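Quick note on numbering: the sequence shown equals residues -20 to -1, 1 to 169 in mature numbering (1 follows the signal peptide of the UniProt record, and there is no 0). The beta-carbon is built from N, C-alpha and C at its ideal position, and this holds for glycine as well. Note that the structure is predicted; figures quoted are calculated from it, not measured. Inspection log for the structure reproduced underneath, given as structure tokens.
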Amino acid sequence: MKKVMLALCAFVFFTGVAQAEEVQVNDFGLYHQDWFLESFLDMAEDFEGAKEEGKRFAIIWEQKGCPYCKDLHAKTLSQENIRKYMQDNFVVVQMNIWGDRDVMDFDGTEMTEKEFAAKNGIAFTPTIQFLHEDLTGKEGIKRDAARLPGFFRPFHFKAMLNYVNEKMYEGDKPFQRYIVELAQSGKKP
């Protein structure tokens, strides 16, 4: 009986791990979520569309074969509470840091994805830009209300979503302090 229970527990554990590790790959070789915006990469149009929906606008930068991008999708974006929160509050456009697709910048300038990445100071993947709600007079990195550089586990990722959506960046509390206070309080984001 003990062996049967052990085998059953192992099966359930490894099946769950295998399911969590399954991620979709799009036509460009990037790990992908089916709720990402299918975009013509006209940034001003996508940004305005997000505003019309009452949502924040985010750009997720990835590259083909990126192991941390896979972790982001398999371990963080796969979490139901994170996925639902993002779908309810954000419009997300995915871009390839080395991509050659044409992008129309917010000011109407055409460039490739890789040129747009460089203009926005994107140096590695994954990186997520959360844009300000008003981009008037802002260029490049100054458009960012916040930025997640690299892979963040679910606790920190969800905390950043709250930080952005609740506009905590407008106050005097940096994200790092918010995380420390959240962890010390024992609260979940």
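Spatial distance of residue i from residue j (CA atoms)
{"i": "F(-7)", "j": "E2", "result": "Only weak support is given to the placement of F(-7): the predicted model assigns it a pLDDT of 47, under 50, and the question is left unresolved by the model."}
{"i": "H112", "j": "E93", "result": "20 Å"}
{"i": "E25", "j": "N76", "result": "19 Å"}
{"i": "Q74", "j": "M23", "result": "11 Å"}
{"i": "E161", "j": "D82", "result": "42 Å"}
{"i": "D51", "j": "G151", "result": "31 Å"}
{"i": "E90", "j": "T56", "result": "33 Å"}
{"i": "F70", "j": "Q43", "result": "21 Å"}
{"i": "S58", "j": "Q109", "result": "19 Å"}
{"i": "D7", "j": "F96", "result": "20 Å"}
{"i": "D124", "j": "W15", "result": "22 Å"}
{"i": "E32", "j": "K138", "result": "24 Å"}
{"i": "N61", "j": "Q164", "result": "21 Å"}
First through last residue of the beta strand (DSSP E) which encompasses residue i
{"i": "I108", "result": "T107 to L111"}
Coarse secondary structure for residue i, derived from DSSP in three states
{"i": "P129", "result": "strand"}
{"i": "E32", "result": "helix"}
{"i": "V160", "result": "helix"}
{"i": "Q67", "result": "helix"}
{"i": "T56", "result": "helix"}
{"i": "V5", "result": "strand"}
{"i": "E119", "result": "coil"}
{"i": "E95", "result": "helix"}
{"i": "E150", "result": "helix"}
{"i": "D114", "result": "coil"}
Residue nearest to residue i in terms of C-alpha spacing, selected from the options
{"i": "K122", "options": "N100, F131 and F104", "result": "N100"}
{"i": "K168", "options": "I77, N142, R157 and D51", "result": "N142"}
{"i": "G79", "options": "I108, G9, F27 and W15", "result": "G9"}
{"i": "K64", "options": "Q13, G166, N6 and G130", "result": "Q13"}
{"i": "F131", "options": "N61, I40 and K147", "result": "I40"}
{"i": "G34", "options": "G151, N145, W15 and L57", "result": "N145"}
{"i": "I102", "options": "L128, Q67 and D114", "result": "L128"}
{"i": "G117", "options": "F86, F96, A98 and F135", "result": "F86"}
DSSP bridge partner residues for residue i (one or two, in chain order)
{"i": "I39", "result": "V73 and Q109"}
{"i": "D22", "result": "M84"}
{"i": "D14", "result": "D14 pairs with nothing; no bridge assigned."}
{"i": "D51", "result": "DSSP output for D51 lists no bridge partner at all."}
The alpha helix (DSSP H) enclosing residue i, as first and last residue numbers
{"i": "N142", "result": "P134 to N145"}
Check: residue i C-beta below 7 Å from any heavy atom of the ligand SAM
{"i": "G29", "result": "The model on display carries no ligand, and the ligand SAM is accordingly not part of it."}
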